[in-house]
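Numbering (UniProt numbering), first residue to last: 1 to 1093.
These notes are about the structure you will find just below.
Put into C-alpha cells, the structure is as follows:
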C-alpha cells in the first residue's frame, strides 16, 4: 500500500494524510500521517517524491483511549443502576438505558425518536418538564427536579432528576441528558410520614384528653380541642400567651411553674394535680403528665402536657369518702356485734353492739389480742384457726363459739368471718359479723327433744323407712327396714345406700331418684329391687321425700316404702310379655311408630328416633300429621291413618317425614290397625323402610342421565355413537356444526358407508370394529368430509359403550377438530425450518450445547471455521474437546452462567481447529429455553476475530511507534484540545521552550506560552484549525522560560476522532531562529547594496 502511494506520487498524483505504520530500528511501531508530494526538477520533470509526515502515534493512542472511554461511558450509561435518558433539542428521545426501560416498562426501541414529554409524562407535569428541558437546552441546568413518569402499564413512578445540557465537541447544545433516581418508595415514605404527622396533629387536636404545649419561654404552642372545651379558652386566644401567668390560678402558679421548669430541664413529672380555672371562673381539677419536648437533634424545645380532667373523679372520690363515713357509722350502730382484727390478731373494730353484748367498751378492746383476752380457753384454738384462715383470704360462715362477758356470763355467738382487704386486694385483717344465738341455742335444745320423739316414731313404724344425707350416706334405717333386708341399723348408718344396698343394675336409676329428691323434686311410688343380706330380692314401692333443715336447706332424703314383692310376682309374667313386644318394636331395624285414634303419637322406636332426630320423649302425645309430616303430604297421610283407624290397612305407602334438623326423609310404610283385647281399634301402627337414599339415588340417576345427555349434545367437541351394526345412535350439536349433517339426517344411518370418505372407510371401519370387540383406540386421526365437501381433520377417541350388565352395545367417538391446529403446526414447522436454515447458513459461527455441555448445534460456518463437521461434534463435550486448555475454565464458567439463565456478551476465547490452528472468537452466550421457560442449554453466536485481533495488535504497535516518533522528533510538536489546552508537548518543544511536558499539559497554550502581542493572531490560527481550516508555515515568536525569543515556523493541522469530529489541533514546527538571523544579515547586506546603488 505504501508502495502504491509512492508510485502514484512518482506518477504526479499527490496523496494527503496517508496513514501507515513505521517501524524503528529497535522494532517499535510508530504511526505516521504522510503527505506524499511529487518532486520535480527545474524543467518540471519528476525527480522523486518528498514525504512530509507527522508522527501521530500518541494521537492514535489518545484517539483509542478516547474511544475506550466513550465505550465505557456508553456501557456505564446503559448498565447504570439509575434511570438515564436523553433527548435532542426537539425533545425526541436519544438515550434510554436499561434501568429506564426496567422502571418504565418501555424498551429502548419503543422510546427512541419519540417525544418524551408528550408520550411518557403525566398530563399535569408536561408543562413543568418541558420548561426544565427548554432551560437545559438554553444551558440552564436543573438539579433535583421531581416529576412523575408513566410506565407502560399505566402506573406512575416518581423520578428525581438532574437535567444536564448535552454539548458537542464545539460546545454547541445538542440536547439534554437526565440522570435520575426512582424515588417512588421514598415519596411514598415521605407522604406516609406527612400523613403520620397530620394524623398525629389530628390525634393531638381531637384527643379526648386535654393536651397543651409550651415553648422554652413558657408560651402556649399547643391547645387541643379538649383543652379548649374544658377551659372555654379558644386555641387562638391561648397560642403565644404565657401559660402560667394567664391561665393558672395565683395560688398554684409557683407549683405549676416549677413542674414546667423541671420538664424544660429534662426532668419529667407524672400525675401532677392542679386546678385550672375556666374562662367563666369555674374550677376544673386537672391531673397532668409534663413531658419534655425535643427537636430532631435532641434539643429541648418545650413541654407537652397531657392531662386528664378529674373534676368528676374528685366528686366521686368525695362521695366515696362520704359513703365510707356512712359505712363506718353503719358498723358502729349496727344491731349485730361487729369486730375486727389486724393480721396480728389485735382488735381494730368493736362496735356498740359488741360492747353492749360483752360488757367491754371499745377503748378497753382496741389493740388487744382478741383470742387471748376475750375468748374462753376451750375455744381459743378454734377461733385462732378461723382468724388464720381469714388472714389467708378464706372466709368462714356460721362459726359458733362462746364469748365470755366482762361479768363472766357465757354468750353463744354465730360468726361470719370475712378477710379485710386494702385497695390493692391485700388482706390486712378480718372483720367478723356475729349474731347472739344464746336464746336460739336454748330453743334448739327443745327442738332436739321433739326430734328424738320423731325418731322413735320412725324406728317403730310398720313400713320400711330409710334416710340419707346429701352424700347418699344412710342416716335413718328403721326396724321394718332391718326386718325386710336383714341389715341392722348399725351396719347401714354412714354407708352409701346406693353403692352398698342397691343391686348394680338399679344403682344409676335409684341414684337419679335420690338426687332429684336432694334437688327438691320428690318422687312418689318409685319401684326398685332391694336385695336382702341373704341374697333374696324384695320389690319396694318407694316415696322419696326431700328432707330439709329448719332454714329450709335440703339436708337429705327420707324414703317411706311398701314391700310389694308378692304383688310383683303376679304382674311379672304379664310384664315379661309386654317387655318382649316393646323390645321388639323398640329395637327393630325399621322405623316403627304408632298413633292413637286421635292421631297422637303412642309409639316411636329407636330407628324412628335415629332417622328423624326426634327422641321418643319429644314425640309421644303429639299429632303426627301436623308436626312431623311436610305440608303437601299431610292430607294424604291423614287419609291413610283415618282408613287404618276404620280397619282398612295400607301397604307400601310412600311417606315423607321432616327431621328435627329440617331435612326431608322418605319412608315406605305399611299402616296396620291396632286393636285392644276386645278387638276395638285403638290406633295405627306403621312399620316402614327408610328409602331416602334409594329415592335420592334414583333422582340422582335421572339427573345424571339428563346431564350426560345435555353434556353429550352441547359438548364443544364432536361426539357420535354407533350401535353394534354400525348405525348412528348419537350425533351431537358440534358434530352437526362441523359436518353440516343434522342429527335427524344421521340417526339410524351407517356411519362409515355414508359419512366417511371412500379411501378412509376401511381404516375407520377397523377402528370401530376393534372398539366393538372391547379394544379402544385413542388419538386416531382421519379426515371427515362435510355435507358441502369441505375436508376437516379429526382426532378421535373410540370408546366401547356397554350396557348395565357389561355387554357391548356400541361405540362412542369423542373427537377434536384439529384442522386449524394442523395448519398452525405446518406453519410452525415452516418457521422452525426457516430458523434452522438461518442458523445453519448464517455467516457467523453458531454453536449450542445442552446442560451437560454436549454439542447440540454446529452450523456450517462453525464447521468451515474449525474444520470439524457437524457429525463429528454432535454430543461431544465442547469444553474438553474444542477449547484450548488455558480457556477451558473461563468457557466452563460462561456455560454455567448460561445454565443459570445469565447471558454473557462479547466473551473472547480461543478455539482449536481440526488442523491444530488457534482462532480467536468473540461470543455472545444466551441461555436456551424450552416452551416452559426452563433452561435446556446454551446457544452461542460468535465472530471470528482472529484477523481483527491481529490488526488490533498491529494498530497498538503503530500507536506506540507514532507516540515515540512524536516525542523523539527533532521538530517541536505540540497539540491542543478544542478548549485550547495543551495535550501534546514533545521533547524538542520542551527543549526549545524550557517548559517540561508536565508543566504544560492541560494549560492554555495561548495564555501561558505565547507572547502577549501574538496571542490574538496565534489564537486565530488555532481556532481556524479547530474549524477544519488548516494553516501551513505560519511564523510566530515563542518566548522561552528564561525570556529568550525563538522564531517558530508552524504547520497547524486539525486533529479528528475516529468519527471525523474535530478533537483538537496538532502543530508541527521548525525552530528557524538561526535561519532568521542569517536571513536578517543577508537582508542588511542587500539593503546596504540597494542604498549604495
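By construction, the Cβ of each residue, glycine as well, lies at the ideal position given by its N, Cα and C atoms.
Looking at the secondary structure, which residues open and close the alpha helix (DSSP H) in which residue i lies?
i            : result
residue 1008 : 1005-1009
residue 768  : 761-772
residue 511  : 504-518
residue 1019 : 1012-1026
residue 974  : Looking at the DSSP string, residue 974 is not in any alpha helix (DSSP H); the run it does join, the beta strand (DSSP E), is 973-977.
residue 500  : 497-501
residue 172  : Counting along the chain, residue 172 falls outside any alpha helix (DSSP H), and DSSP gives it neither H nor E.
Out of curiosity, what's the CA-to-CA distance linking residue i and residue j?
i            : j            : result
residue 573  : residue 469  : Confidence in residue 573 is poor, its pLDDT being 49 and thus under 50, which makes the residue's placement too unreliable to answer from.
residue 505  : residue 619  : 28 Å
residue 93   : residue 118  : 11 Å
residue 369  : residue 425  : 24 Å
residue 1103 : residue 184  : Absent from the model: residue 1103. The displayed extent of the chain is 1 to 1093, so no value can be given.
residue 693  : residue 745  : 41 Å
residue 401  : residue 412  : 6 Å
residue 360  : residue 550  : 33 Å
residue 491  : residue 339  : 47 Å
residue 133  : residue 1027 : 29 Å
residue 273  : residue 427  : 30 Å
residue 597  : residue 665  : 25 Å
residue 1039 : residue 1010 : 7 Å
residue 395  : residue 421  : 12 Å
residue 129  : residue 168  : 23 Å
residue 1073 : residue 1046 : 6 Å
residue 471  : residue 496  : 8 Å
residue 959  : residue 997  : Reliability of the predicted coordinates at residue 959 is poor, the pLDDT of 49 falling under 50, and no value is obtained from them.
residue 1033 : residue 1061 : 24 Å
residue 385  : residue 230  : 55 Å
residue 1020 : residue 112  : 40 Å
Among the residues of its own chain, which have a CB less than 6 Å from the CB of residue i, if the five just before and after it don't count?
i            : result
residue 608  : 591 and 593
residue 178  : 85, 161 and 163
residue 1025 : 1052, 1054 and 1065
residue 675  : 681
Near residue i, which residues of its chain fall below 7 Å by C-beta distance, leaving aside the five closest residues on each side in sequence?
i            : result
residue 599  : 623, 624, 625 and 641
residue 277  : 249 and 283
residue 730  : 712, 719, 720, 721 and 812
residue 6    : 36 and 49
residue 876  : 854 and 855
residue 750  : 726 and 727
residue 1112 : Outside the displayed range of the chain (1 to 1093) lies residue 1112, so it cannot be described from this structure.
residue 791  : 783 and 785
residue 406  : 358, 359 and 360
Give the single residue among the options whose Cα lies nearest to the Cα of residue i.
i           : options                : result
residue 436 : 415, 430, 428 and 421  : 415
residue 538 : 866, 1027, 510 and 485 : 485
residue 312 : 275, 431 and 1050      : 275
residue 887 : 916, 920 and 668       : 920
residue 141 : 148, 131 and 149       : 131
residue 809 : 817, 1014, 773 and 383 : 773
residue 769 : 724, 758 and 255       : 724
residue 216 : 260, 229, 976 and 630  : 260
residue 213 : 494, 306, 228 and 236  : 306
residue 778 : 796, 789, 293 and 763  : 796
What are the start and end residues of the beta strand (DSSP E) that includes residue i?
i           : result
residue 791 : 791-802
residue 472 : Here residue 472 belongs to no beta strand (DSSP E), and DSSP marks it neither H nor E.
residue 528 : 523-531
residue 992 : Residue 992 -> not in any beta strand (DSSP E); alpha helix (DSSP H) instead, spanning 987-993.
Is residue i a contact residue of the ligand PLP, with contact defined as CB to any heavy atom under 7 Å?
i           : result
residue 244 : This structure simply doesn't include the ligand PLP, nor any ligand for that matter.
Near residue i, which residues of its chain fall below 8 Å by C-beta distance, leaving aside the five closest residues on each side in sequence?
i           : result
residue 379 : 401 and 402
Exercise. Which full runs of the alpha helix (DSSP H) of 4+ residues lie inside the UniProt domain "PAS" (577-648), going along the chain?
Worked result: You should have 606-612, 616-619, 624-628 and 634-645.
Exercise. Which full runs of the beta strand (DSSP E) of 3+ residues lie inside the UniProt domain "PAC" (1032-1084), going along the chain?
Worked result: Runs found: 1045-1056 and 1062-1071.
For this session: List in chain order: all unbroken beta strand (DSSP E) runs of 3+ residues lying wholly within the UniProt domain "PAS" (196-267).
Result: The UniProt domain "PAS" (196-267) contains these whole beta strand (DSSP E) runs: 211-215 and 220-223.
For this session: Would you mind listing the alpha helix (DSSP H) stretches within the UniProt domain "PAS" (323-394) that are 4+ residues and don't spill past its ends, in chain order?
Result: The UniProt domain "PAS" (323-394) contains these whole alpha helix (DSSP H) runs: 352-358, 362-365, 370-374 and 377-391.
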